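Per the working numbering, residue 18 is the first one in the sequence shown, and the count goes up by one each step. These notes concern the structure reproduced below.
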Amino acid sequence: MSLAAAARVGDAVAAIATPALVIDLDALERNIARMAAYAREHGMRLRPHAKTHKCAEIAKRQIAAGAVGVCVQKLSEAQALAEAGVADLYISNEVVDAGKLAELAALAARARLAIAVDSGLGVDRLAAALKAAGTSVDVFVEVDVGHGRCGVAPAAAASLAHQVVSHGLRFAGLQAYHGRAQHLRTPAERESAIRHAVSLARAAQASVTSAGIACPLVTGAGTGTFVLEAASGLYGELQAGSYVFMDRDYADNHAAPHAPAFEHALFVKSQVMSAGTSHVVVDAGHKSHAIDSGLPRVHGRELEFVNGGDEHGILRKHGAAPLPALGETVWLIPGHCDPTVNLHEHYVVVRGGLEAGRVEAVWPIDARGCIR
């Protein structure tokens, strides 16, 4: 059976074949609306990260709610979403391969694009590709604000920005994302990390402006910290992505004061396929959900999910409730939504809840497997 046949529009939730990646559409819409409202009320641009969902339909709904466009991490993600009609894309990552940059320059003829840079080589190759294609993109200089991954030191931002403008490219501002801060559990820990990140981003901005180059925008932030970037007085754009789904790992964070509440909207529907005396086994293992951020949580039941391998998940009691029966549905909340999504080809989209709802749509995961 093809994955597309796992559900048909109009089916009851009970008819969805397992395992399946299911969106609670009512919760998804509330999450999109709440983040859009927060950005609007705080005078922030919103550019959600589409690496979370990899789906043009969701990106279009975010844009319709007020987002200026979406972020992606890979050129191939940008190509897939542009092909599906998403017209404003920021590759918030570096690309230095000359062949890929030629593809990016060609794509810029069909969509508004931006890209991050953190090396002179990257800038030179980008400029050459754009010149050859006769196209243009916005260019952000990435600053390492604490993650220890990509990005230049704040003091080096001015030199790289100068190289951007000397090539006649559009310098759009600074990319300043602190990924490690997103899953610090307490608000105090996240506040400390972002306070330091803001100080580094501010120093980078000062180095750029002191060189006589305007710095139009500082962009960054994630689902764990966007309240802090919004309050900084420095950031003008938020890139949070996982808020649309709220996986188990993000939900384990202690909520920050005054942050909007987001709901779980992404689930793996599974079924009990075997029953023992002290455990049951469901048909959703590692090939159905990513485990890099831990195992999934069982939704609405006092059960512990135990690693069962590629095709199996073992459930044990985690309270007084009985084990589910053979053939019974069990809903799983993935530990990490982004790589879980990349394991599936479609979302089964349900309206009316996980119990009494019906399938409203089946959406393709347009950028599934786009890792190039």
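No residue lacks a Cβ here, since even glycine has one placed at the ideal position from N, Cα and C. Remember, predicted model here, so these are calculated numbers, not experimental data.
As a quick exercise: from the options, pick the residue whose alpha carbon is nearest that of residue i.
i: F157; options: A178, A44, A173, G165; result: A178
i: Q288; options: K68, V87, V30; result: V30
i: K304; options: E362, A50, T226; result: E362
i: G258; options: A115, D355, V376; result: D355
i: H296; options: G325, G317, Q256, C72; result: G325
i: V169; options: R127, A220, A37, I211; result: A220
i: K334; options: L118, V225, A292; result: A292
i: V181; options: A125, R64, I49, V225; result: V225
i: A95; options: T69, F284, I108; result: I108
i: S249; options: L217, A231, Y260; result: L217
i: K71; options: E46, N48, R47, E100; result: E100
i: H316; options: V367, L343, E372, V358; result: E372
i: P277; options: D161, R51, A34; result: R51
i: V134; options: A37, A128, A144; result: A144
i: T346; options: A268, H353, N359, L332; result: L332
i: A395; options: A123, D155, T236; result: Because residue 395 is not part of the residues shown, which for the chain are 18 to 389, the question remains open.
Report the three-state DSSP secondary structure of residue i (helix, strand or coil).
i: W380; result: strand
i: E246; result: helix
i: R375; result: strand
i: H200; result: helix
i: M18; result: Low confidence applies to M18: its pLDDT is 36, below 50, so where it sits in the model is not reliable enough to give any reading.
i: I350; result: strand
i: V26; result: coil
i: D355; result: helix
i: V154; result: coil
i: L255; result: strand
i: V261; result: helix
Would you tell me roughly how many angstroms separate the C-alpha atoms of residue i and residue j, rounded to the nearest one?
i: S153; j: G185; result: 10 angstroms
i: L312; j: F262; result: 16 angstroms
i: G82; j: S209; result: Sequence inspection shows Ala at residue 82; the Gly mentioned does not correspond to that position. Taking the straight line joining both Cα atoms gives about 31 angstroms.
i: G330; j: L138; result: 47 angstroms
i: D41; j: G369; result: 8 angstroms
i: A149; j: D105; result: 22 angstroms
i: D309; j: D327; result: 14 angstroms
i: E246; j: G60; result: 12 angstroms
i: L251; j: L191; result: 11 angstroms
i: G302; j: L234; result: 43 angstroms
i: V299; j: R265; result: 18 angstroms
i: A56; j: R62; result: 6 angstroms
i: L92; j: G239; result: 21 angstroms
i: P339; j: A173; result: 60 angstroms
i: A97; j: A131; result: 16 angstroms
i: A73; j: W380; result: 9 angstroms
i: L20; j: R212; result: Any reading at L20 must be qualified, since the residue scores a pLDDT of 42, below 50, and its modelled position is unreliable; the value itself is stated next. Each residue's Cα considered, the two are about 45 angstroms apart.
i: C88; j: V103; result: 11 angstroms
i: I33; j: G386; result: 24 angstroms
i: A122; j: G116; result: 10 angstroms
i: L124; j: T69; result: 22 angstroms
i: A272; j: F243; result: 12 angstroms
i: G229; j: S183; result: 13 angstroms
I'd like the span of the alpha helix (DSSP H) that includes residue i, first residue to last.
i: Q222; result: 204 to 227
i: L130; result: First-last for L130: 129 to 134, but that is the beta strand (DSSP E), not the alpha helix (DSSP H).
i: A178; result: 174 to 183
i: L186; result: Element bounds for L186: n/a, residue is neither H nor E.
i: L147; result: 137 to 150
Starting from residue i, follow the beta strand (DSSP E) in both directions and report where the run begins and ends.
i: A37; result: 37 to 41
i: H363; result: 363 to 368
i: G237; result: 235 to 237
Which ranges does the alpha helix (DSSP H) cover as unbroken runs of at least 4 residues, wholly within the region 53 to 119, from first to last along the chain?
Here the runs fully enclosed are 73 to 81, 92 to 100.
Starting from the N-terminal side, write out each stretch of the alpha helix (DSSP H) that is 4 residues or longer and does not extend beyond the region 264 to 344.
Whole alpha helix (DSSP H) segments, 4+ residues: 265 to 268.
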